[in-house]
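Notes follow the structure.
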Amino acid sequence: MGRMRDTGRSIANWLDERLHFTKLYNSTAGHTIPSASASWWYVLGSATLVCFVIQVLTGICLALVYVPSPAQAYESLEYLNYTQPFGWFLRALHSWSSNFMVGLITLHMIQVFLFGAYKYPRELTWIVGCVLFLCTIAMAFTGQVLRFDQDAYWALQIVMSVLGRVPLVGADLLHLIQGGPIVASETLSRFFTLHVFVVPGLIIALLTVHLRLVLTRGINEYPVPEEGVDPATYDEDYEKLLKKTGIRFFPDGADKDVIFASLVITAIVLFAAIFGPSGPNGPADPALIHTVPRPDFFFLSLFAAFALMPPYMESFVIVYIMPVAVILLFLVPFISNRGEKHPSRRPGSVILTVMVMTTLTVLAVLGLTSPWSPHMNAWSGDPVQPQFVKGRTPLELVGASVMQEKQCRNCHSLDGLGGKRGPELADVATRLTYNQLVRQVLQGGGNMPAYGKHLKPPEVSALVAFLYTLHPELEPPARNSAQPAVPH
Amino acid sequence: MSDHEHEPLPPAFPPVTRRGMLFRIGLGLNVVAASFIGIPVLGYVSSAIFGRKAQQAWIPLGNLEKFPRGQTRLATYRNPFTTPWDGFVADIPCWVRRQTDGGFQVFAINCAHLGCPVRWFPQSGLFMCPCHGGVYYEDGSVASGPPPRGLYEYQYRIRKGHLEVRGGQTPNLAEPV
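Read top to bottom, the protein sequences are chains Z and C.
Each residue of the first sequence is one higher than the one before, starting from 41 at the first, in this note's numbering.
Each residue of the second sequence is one higher than the one before, starting from 35 at the first, in this note's numbering.
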């Protein structure tokens, strides 16, 4: 036995003398890190990388079957879902792993920001990381487009409309990305090329630089309050820290990374197995206009922001504010390059992070419910509840039917049922007098269309008579103060 | 041997060696060679911008009798600029409004806000958009919501009892129909 072991060792040595694996290991996976950096807070980057590897693996498999042509993309996805063995599962893995990748890279970025890891000497690591973040978002979007269903088709239309708002070069940009006169085969092929060749290539190249920078400038030490960064002495201090507490990253410092990676993989597999693949939701046929396009969750906040911004600032925000926000993100290490790293000493950064994340989350939740969109089927689908017709006169009942017939319910709810675009009508009579109701219906205003041309005078009388009955039992309807206080 | 007695000053320009010269010529040749590849590649990619023609044509929407007076109907046409593998996506819908005096208005399906498909509600005479709540009157003008302008309107003409519109590319704020 001992003899065999010796022979094995000498073969390994012979190979190592020629391949220099030990040298490679010492300068890469085996590099020294401060032992405190082997922390649960530092597992997010490697977990993002795990997701990326899953994406490459499953993506290559999906590309074996997927057809990037509008005529057949949808069918090839159905084929993947129902005919190709394990096709549904690989699609599910690909889409869930993409969700996890977006989530983890965001958390990684927040952690790096809060731990001040972007400060001297890791400015470039942060900048490359920001580009990797943008690439990941680009992958999420182009991937959603390849799932060439109704949502994907209309998401493309939205992108083209956004590009059309860019001044001067808008039309050129649009044609470069759309590829042809309409969103069609050239567009899908372009997004396929971006999703499968260009952006992944960029990610691999940038990831190499990102990891190289981690090796050359070292992983960020675990921040300690009052031990800030001074570029003049930092390098020396970091060397001392490595001498004092240094451990090898692999295997000694990678314990938590490995555990967390296995948890992430398990979670992705479970989500994929339980919830299955995402879509496709209805073929991308522009003539099927009875559609309510919604983006995937990463873009819900953007979708919501577009709906909630005052229209006059929309183009300005899209063309100027959003690029400036991205540039600011890149400039973070130059805005604060030295000083405290620990979040407890950087309340401004913590507040900023909480504010940005709260805003994005609130917008995303609003994007899910989209209260600003009319409910296209409310006029025929949501009934007038019994309490609003009980005891009403025939004229008022006709008014209730006018309200349904003229699609008022698409924007107005009655006791919560119906569209949320306009104000709730269950107590409208307490807010507007009879004459104000007439004026509002005929002339619109305050973001309501004018119905004067589409209502005959008797319909207006009936409708307003009905609306004027909509008030809580013990709260009288509003009236002009110049009129005597008798019921109308 | 006394060659170390006085060291010569380094020359202002290092002498051009044969290797150096060959390397530079080689670099130059590669720039030329790369341009033989690079120019066609740039031309290929940028043809979407610079090579594009005005993609507009008259497209028949059907017999006039398909469009009763005083009504707004959905019509679908096959985009004239298309590839065989476009499938459904080259079937472009539009809203045709025939006024009571016989005149036409043909609207693009795309909301002027961000391009979602607007729907016509004849009872209230409104176009409504499902995305961000843009609403238009029957004549295409903005009734409420975020759209910065009215619905895009196609040019139309009537040839031999058929309605034709001038179209071919999706309208947007940079290039309305």
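From the three backbone atoms N, C-alpha and C, an ideal C-beta is built for every residue, glycine too.
Next on the checklist: Pull the bridge partners of residue 162(C) from the DSSP assignment, please.
Outcome noted: The residue you call residue 162(C) lines up with position 128 of the second sequence. BP columns for residue 162(C) point to 153(C), 169(C).
Next on the checklist: Counting beta carbon pairs with one atom in the region 500-511 of chain Z and one in the region 436-444 of chain Z, are three or more of them shorter than 8 Å?
Outcome noted: Contact between the region 436-444 of chain Z and the region 500-511 of chain Z is present, because at least three Cβ pairs lie under 8 Å.
Next on the checklist: I'd like to check one pair, residue 378(Z) with residue 160(Z): are the Cβ atoms closer than 8 Å?
Outcome noted: As a first step, residue 160(Z) is located in the first sequence; it is residue number 120 there, counting from the start. As a first step, residue 378(Z) is located in the first sequence; it is residue number 338 there, counting from the start. Cβ distance < 8 Å, so residue 160(Z) and residue 378(Z) count as in contact.
Checklist entry - Taking only beta-carbon atoms, is residue 333(Z) less than 8 Å away from chain C? => result In the first sequence, counting from the first residue as 1, residue 333(Z) sits at position 293. Taking 8 Å as the CB threshold, residue 333(Z) lines the interface with chain C.
Checklist entry - Just the Cα atoms here: how many angstroms apart are residue 35(C) and residue 57(C)? => result By 1-based counting over the second sequence, the position of residue 35(C) is 1. By 1-based counting over the second sequence, the position of residue 57(C) is 23. Residue placement at residue 35(C) is poorly supported in this model, since its pLDDT is 45, which falls under 50; the coordinates are not used for a value here.
Checklist entry - By Cβ distance below 7 Å, which residues in the same chain neighbour residue 418(Z) in space, the five residues on each side in sequence not counted? => result Within the first sequence, the letter at position 378 stands for residue 418(Z). Exclusion of the five residues before and after residue 418(Z) leaves 449, 450, 458, 459 as the residues of its chain whose Cβ lies within less than 7 Å of its Cβ.
Checklist entry - To the nearest angstrom, how far is it from the Cα of residue 191(C) to the Cα of residue 462(Z)? => result As a first step, residue 191(C) is located in the second sequence; it is residue number 157 there, counting from the start. As a first step, residue 462(Z) is located in the first sequence; it is residue number 422 there, counting from the start. CA-CA distance, residue 191(C) to residue 462(Z), rounds to 39 Å.
Next on the checklist: Tell me the DSSP secondary structure of residue 463(Z) in three-state form.
Outcome noted: Within the first sequence, residue 463(Z) is the residue found at index 423, counting from 1. Note: residue 463(Z) maps to coil in three-state DSSP.
Checklist entry - What residue from 430(Z), 495(Z), 80(Z) has the CA that sits closest to residue 445(Z)'s CA? => result Here residue 445(Z) refers to the residue found at position 405 when the first sequence is read from its first residue. Selection 430(Z), 495(Z), 80(Z) evaluated against residue 445(Z) yields 495(Z) as nearest (Cα-Cα).
Item to check | Continuous alpha helix (DSSP H) stretch holding residue 54(Z): start and end | outcome: Position 14 of the first sequence, counted from the first residue, corresponds to residue 54(Z). Start and end: 42-59.
Checklist entry - For the region 416-434 of chain Z against the region 477-490 of chain Z, are there 3 or more C-beta pairs whose distance is under 8 Å? => result Short answer: they don't touch.
Item to check | Residue-chain proximity (residue 169(C), chain Z), Cβ-Cβ < 8 Å | outcome: As a working note, residue 169(C) is residue 135 in the second sequence. Residue-level contact by beta carbon holds for residue 169(C) and chain Z, with a gap shorter than 8 Å.
Item to check | Members of the region 208-232 of chain Z near chain C, C-beta cut-off 7 Å | outcome: Result list: 210, 211, 212, 214, 215, 216, 219, 220, 221, 222, 223, 224, 225.
Item to check | Sequence ranges, alpha helix (DSSP H) only - wholly within the region 41-124 of chain C, length at least 4 | outcome: Qualifying alpha helix (DSSP H) stretches, in chain order: 52-84.
Checklist entry - If you check the beta carbons only, do residue 133(Z) and residue 308(Z) fall under 8 Å apart? => result Here residue 133(Z) is taken as the residue at index 93 of the first sequence, counted from 1. Here residue 308(Z) is taken as the residue at index 268 of the first sequence, counted from 1. Here residue 133(Z) is near residue 308(Z), since their CB atoms are less than 8 Å apart.
Checklist entry - Which term fits residue 334(Z), buried or exposed, when burial requires 16 or more other beta carbons within 10 angstroms of its beta carbon? => result Residue mapping note: residue 334(Z) aligns to position 294 of the first sequence, counting from 1. Residue burial annotation: residue 334(Z) is buried, with at least 16 other C-beta atoms found within 10 angstroms of its C-beta.
Checklist entry - Which residue's Cα is closest to the Cα of residue 162(Z): 204(Z), 257(Z), 486(Z), 97(Z)? => result On the first sequence, residue 162(Z) is found 122 positions in, with the first residue counted as 1. Comparing Cα positions, the closest option is 257(Z).
Item to check | Whole-angstrom C-beta distance between residue 207(C) and residue 182(C), which should lie under 8 Å | outcome: Stepping through the second sequence from its first residue, residue 182(C) is reached at position 148. Stepping through the second sequence from its first residue, residue 207(C) is reached at position 173. Your pair residue 182(C) and residue 207(C) checks out as a contact, with CB atoms roughly 7 Å apart and the cut at 8 Å.
Checklist entry - What does residue 120(C) touch in chain Z if you count any residue whose Cβ is under 7 Å from its own? => result Within the second sequence, residue 120(C) is the residue found at index 86, counting from 1. Correct list: 110, 111, 224, 225.
Next on the checklist: To the nearest angstrom, how far is the alpha carbon of residue 235(Z) from that of residue 292(Z)?
Outcome noted: The residue labelled residue 235(Z) in the question sits at position 195 within the first sequence. The residue labelled residue 292(Z) in the question sits at position 252 within the first sequence. Their Cα atoms are separated by approximately 36 Å.
Checklist entry - Between which two residues does the beta strand (DSSP E) carrying residue 198(C) extend? => result Taking the second sequence and counting its residues from 1, the one referred to as residue 198(C) is at position 164. Segment 196-201, the beta strand (DSSP E) holding residue 198(C).
Checklist entry - Beta-carbon separation of residue 136(C) and residue 107(C) under 8 Å? => result Residue 136(C) sits at position 102 when you count from the first residue of the second sequence. Residue 107(C) sits at position 73 when you count from the first residue of the second sequence. No; because the gap between Cβ atoms is not below 8 Å, this pair is not in contact.
Item to check | Proximity of residue 232(Z) and residue 186(Z) at Cβ, strictly below 8 Å | outcome: One-based indexing of the first sequence puts residue 232(Z) at position 192. One-based indexing of the first sequence puts residue 186(Z) at position 146. Yes, Cβ-Cβ distance for residue 232(Z) and residue 186(Z) is below 8 Å.
Item to check | Separation of residue 115(C) from residue 86(C), as counted between CA atoms | outcome: Here residue 86(C) is taken as the residue at index 52 of the second sequence, counted from 1. Here residue 115(C) is taken as the residue at index 81 of the second sequence, counted from 1. When only Cα atoms are considered, residue 86(C) and residue 115(C) end up about 12 Å apart.
Next on the checklist: Output needed for residue 60(Z): all residues of its chain with C-beta closer than 6 Å, excluding positions within five of it in sequence on either side, in chain order.
Outcome noted: Position 20 of the first sequence, counting from 1, holds the residue named residue 60(Z). Nothing listed; no residue qualifies.
Item to check | Straight-line gap, residue 270(Z) to residue 364(Z) (C-alpha atoms, nearest Å) | outcome: Stepping through the first sequence from its first residue, residue 270(Z) is reached at position 230. Stepping through the first sequence from its first residue, residue 364(Z) is reached at position 324. Cα to Cα, the separation comes out at about 29 Å.
Item to check | Residue interval of the alpha helix (DSSP H) (run including residue 299(Z)) | outcome: For the purposes of this step, residue 299(Z) is taken as residue 259 along the first sequence, with counting starting at 1. Per DSSP, the unbroken alpha helix (DSSP H) holding residue 299(Z) starts and ends at 295-315.
Checklist entry - Among 513(Z), 486(Z), 470(Z), 420(Z), which one has its Cα closest to the Cα of residue 155(C)? => result For this step, residue 155(C) is matched to residue 121 along the second sequence. Answer by Cα proximity: 420(Z).
Checklist entry - At a Cβ cut of 8 Å, what residues of the region 480-493 of chain Z count as close to chain C, listed as they run along the chain? => result Within the region 480-493 of chain Z, the residues whose Cβ lies closer than 8 Å to some Cβ of chain C are 484, 487, 488, 489, 490, 491, 493, listed in chain order.
Checklist entry - Taking 8 Å as the CB-CB limit, is residue 205(Z) close to chain C? => result Within the first sequence, numbered from 1, the residue matching residue 205(Z) stands at position 165. Closer than 8 Å: yes.
Checklist entry - Do you know how far the Cα of residue 128(Z) is from the Cα of residue 121(C)? => result For the purposes of this step, residue 121(C) is taken as residue 87 along the second sequence, with counting starting at 1. For the purposes of this step, residue 128(Z) is taken as residue 88 along the first sequence, with counting starting at 1. Approximately 24 Å between the Cα atoms of the pair.
Checklist entry - Just reading off the beta strand (DSSP E) that residue 192(C) is part of, what are its end residues? => result The residue you call residue 192(C) lines up with position 158 of the second sequence. For residue 192(C), the enclosing beta strand (DSSP E) has its first and last residue at 187-193.
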